[in-house]
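Residue numbers (mature numbering (1 follows the signal peptide of the UniProt record, and there is no 0)): -23 to -1, 1 to 486.
Where a beta carbon is used, it is the ideal one built from N, C-alpha and C, also for glycine.
Have a look at the structure below before the remarks.
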Ligand SMILES: Cc1cc2nc3c(=O)[nH]c(=O)nc-3n(C[C@H](O)[C@H](O)[C@H](O)COP(=O)(O)OP(=O)(O)OC[C@H]3O[C@@H](n4cnc5c(N)ncnc54)[C@H](O)[C@@H]3O)c2cc1C
Ligand SMILES: *[C@@H]1O[C@H](CO)[C@@H](O)[C@H](O)[C@H]1NC(C)=O
Ligand SMILES: *[C@@H]1O[C@H](CO)[C@@H](O)[C@H](O)[C@H]1NC(C)=O
Ligand SMILES: *[C@@H]1O[C@H](CO)[C@@H](O)[C@H](O)[C@H]1NC(C)=O
């Protein structure tokens, strides 16, 4: 055995020390320099604490960035990017703060956070056919603005979700079965590049960047404004029904049939959440529903009567307010995971039974919650997403109807985290294995529902489009500034270059 040389060890210690000290030193320098021209909140201030409270997940809200920057327009975002790049400071970017995993849109003391909440202007076009949205808005702000104009856009279904993250991950909307992903309805992105330059990416200006941004996460730029197509909207028929868990078989079968019908009648939206209800201490099925046409009552999902029924003709904003009540029941520490499968009526039921068994020993404890949601990705929705505005980078093809499966878990005592994370990951991993064995698994991993341990962006793009994405990235960020300094989201990676990668396939969990 060779004697251990002290030299490399000493070198490693010095390197470790300098990495730690200089990373922090840099961050302090960035915070200081930024505070001379931008609004910056530092630990201990009230604004800093309010910022941490705006994250959906406590995992994110507990991270303590060295400072938080609140730019109010694109040029201030550009300043933040330039300062970060100049001093090599790490940073994270937050719009609505709803991505559930730790570090998705926040950062620890070795970096600073950029909170876009003050980038919040809304401007309807003269003709009313499009609306320009500041990237720090939440969907509630957007609907409150558009509803009095009898207009809407392809936005989120929970009003606290942010415009920014939702769109850059694709965005499944109540209007998606007619109009495709939210990102397919963006006609212009105003975006700050790694150089600090502010450009418009649209079908005629920077068209390749425009294409990439439609499924891009944190790889190409910080978007400051999204211009989206608007659509006429009046009252809708909608709300939610809650059924006894014994109805799940009939309901999943009904969802399979309704998904097929979404291809013919796309002006509706539906899904199922099989979930533990702490309020009633049992499992129930929550079935949210919207039908744009109010002239007819939609057919019932099952012949059983619901335990609770809020379906009515009303304004969309009423429905979103009602659904947002659900959000508060799942606030806490979170682990979300997702898979996409070919449409099937048996696998979702088997997954739920497996989940009940896994969570059985402790689900009744206070603060615990888990649920399993099934949402259609109809062929028509995929086709619309491909046909509109030049398509997007995803590998989805409109040959088959799909289900997006979402596994959610939450808890309020951090000490329960290890157990809960282990179990929900076990369930997702078991489900993935079953989906493979039953020949139902799709490559696509819906980024907005994925956990940080899932390689969501890389899995959602086929090899051809991946190399196109990598070329665009090289063109717009030749120094890989965003790859090295921008922490969070789902990163693009050159699979031919072997680098240490901490993201894993959930089957390896
Ligand atoms: C209660 C709840 C309901 C939900 N409902 C839906 C739904 O109906 N449909 C659906 O598709 N998804 C839904 N989601 C998932 C949601 O779309 C994602 O969590 C989404 O990423 C949230 O966006 P955000 O801006 O709030 O999040 P953030 O955490 O602020 O951002 C998410 C990611 O996007 C990046 N990012 C944000 N803004 C920008 C920007 N302007 N430029 C560049 N990068 C940016 C962040 O850095 C981060 O990596 C829901 C989530 C929750 C918690
Ligand atoms: C919106 O629609 C309602 C009901 O149809 C109508 O009364 C109202 O005038 C419309 N508002 C606008 C701004 O067009
Ligand atoms: C596309 O970008 C160009 C260049 O900035 C701009 O003039 C044009 O208005 C943009 N188009 C849209 C639809 O926003
Ligand atoms: C690549 O992107 C194009 C254009 O958005 C899309 O139509 C196509 O389906 C994608 N190709 C593959 C193989 O995923």
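Whole angstroms is fine: what's the gap from residue i's alpha carbon to residue j's?
i: residue 71; j: residue 51; result: 15 angstroms
i: residue 283; j: residue 86; result: 49 angstroms
i: residue 244; j: residue 10; result: 50 angstroms
i: residue 97; j: residue 205; result: 15 angstroms
i: residue 291; j: residue 20; result: 44 angstroms
i: residue 296; j: residue 472; result: 44 angstroms
i: residue 67; j: residue 435; result: 22 angstroms
i: residue 421; j: residue 159; result: 17 angstroms
i: residue 59; j: residue 7; result: 10 angstroms
i: residue 254; j: residue 221; result: 11 angstroms
i: residue 115; j: residue 410; result: 36 angstroms
i: residue 13; j: residue 5; result: 13 angstroms
i: residue 241; j: residue 76; result: 32 angstroms
i: residue 325; j: residue 356; result: 19 angstroms
i: residue 378; j: residue 216; result: 24 angstroms
i: residue 302; j: residue 73; result: 17 angstroms
i: residue 451; j: residue 175; result: 17 angstroms
i: residue 464; j: residue 351; result: 30 angstroms
i: residue 173; j: residue 151; result: 35 angstroms
i: residue 404; j: residue 331; result: 7 angstroms
i: residue 102; j: residue 121; result: 16 angstroms
i: residue 470; j: residue 275; result: 45 angstroms
i: residue 407; j: residue 53; result: 46 angstroms
i: residue -23; j: residue 396; result: Confidence in residue -23 is poor, its pLDDT being 42 and thus under 50, which makes the residue's placement unreliable; the coordinate value appears in the next sentence. Approximately 42 angstroms, taken between the alpha carbons.
i: residue 42; j: residue 416; result: 44 angstroms
i: residue 167; j: residue 100; result: 14 angstroms
i: residue 431; j: residue 402; result: 11 angstroms
i: residue 169; j: residue 190; result: 12 angstroms
Does the separation of the CB atoms of residue i and residue j fall below 8 angstroms?
i: residue 69; j: residue 88; result: yes
i: residue 540; j: residue 48; result: Residue 540 cannot be examined here, being either before or after the span of the chain that is shown, -23 to 486.
i: residue 138; j: residue 130; result: no
i: residue 188; j: residue 425; result: no
i: residue 466; j: residue 31; result: no
i: residue 228; j: residue 264; result: yes
i: residue 381; j: residue 315; result: yes
i: residue 335; j: residue 262; result: no
i: residue 65; j: residue 462; result: yes
i: residue 185; j: residue 449; result: yes
i: residue 349; j: residue 384; result: yes
i: residue 107; j: residue 207; result: yes
i: residue 279; j: residue 231; result: yes
i: residue 372; j: residue 442; result: yes
i: residue 493; j: residue 238; result: With the chain running from -23 to 486 in the structure shown, residue 493 is simply not present.
i: residue 147; j: residue 93; result: no
i: residue 318; j: residue 250; result: no
i: residue 18; j: residue 429; result: no
Quick check: does the Cβ of residue i come within less than 7 angstroms of any heavy atom belonging to ligand 5?
i: residue 369; result: This structure simply doesn't include ligand 5; it includes ligand 1, ligand 2, ligand 3 and ligand 4 instead.
Tell me whether residue i is buried or exposed, calling it buried when 16 or more other Cβ atoms sit within 10 Å of its Cβ.
i: residue -20; result: Note that residue -20 scores a pLDDT of 47, beneath 50, so its modelled location is shaky; the value from the coordinates is reported in the next line. With fewer than 16 Cβ atoms within 10 Å of its Cβ, residue -20 is classed as exposed.
i: residue 487; result: Because residue 487 is not part of the residues shown, which for the chain are -23 to 486, the question remains open.
i: residue 27; result: exposed
i: residue 179; result: buried
i: residue 162; result: buried
i: residue 24; result: exposed
i: residue 273; result: exposed
i: residue 201; result: buried
i: residue 285; result: exposed
i: residue 342; result: exposed
i: residue 259; result: exposed
* Asked: Where in the region 261 to 345 do unbroken runs of the beta strand (DSSP E), each at least 3 residues long, occur, reported from the N-terminal end onward?
  -> Those beta strand (DSSP E) runs which fall completely within the region 261 to 345 and span 3+ residues are 289 to 291, 310 to 319.
* Counting by C-beta, which residues lie closer than 6 angstroms to a heavy atom of ligand 3, in chain order? -> Here the list is 164, 165, 177, 179, 181, 182, 204.
* Only counting runs of 3 or more residues, tell me where the beta strand (DSSP E) segments fall wholly within the region 357 to 440, in order along the chain. => You should have 379 to 388.
* Curious, which full-length beta strand (DSSP E) runs of at least 3 residues does the region 21 to 49 contain? -> Correct list: 44 to 47.
* Asked: In chain order, what are the residues with a CB under 7 angstroms from some non-hydrogen atom of ligand 2?
  -> Counting every residue whose Cβ lies closer than 7 angstroms to a heavy atom of ligand 2, we get 125, 126, 127, 211.
* Contiguous alpha helix (DSSP H) assignments of at least 4 residues, all confined to the region 212 to 248 -> Segments of the alpha helix (DSSP H) lying fully in the region 212 to 248: 225 to 239.
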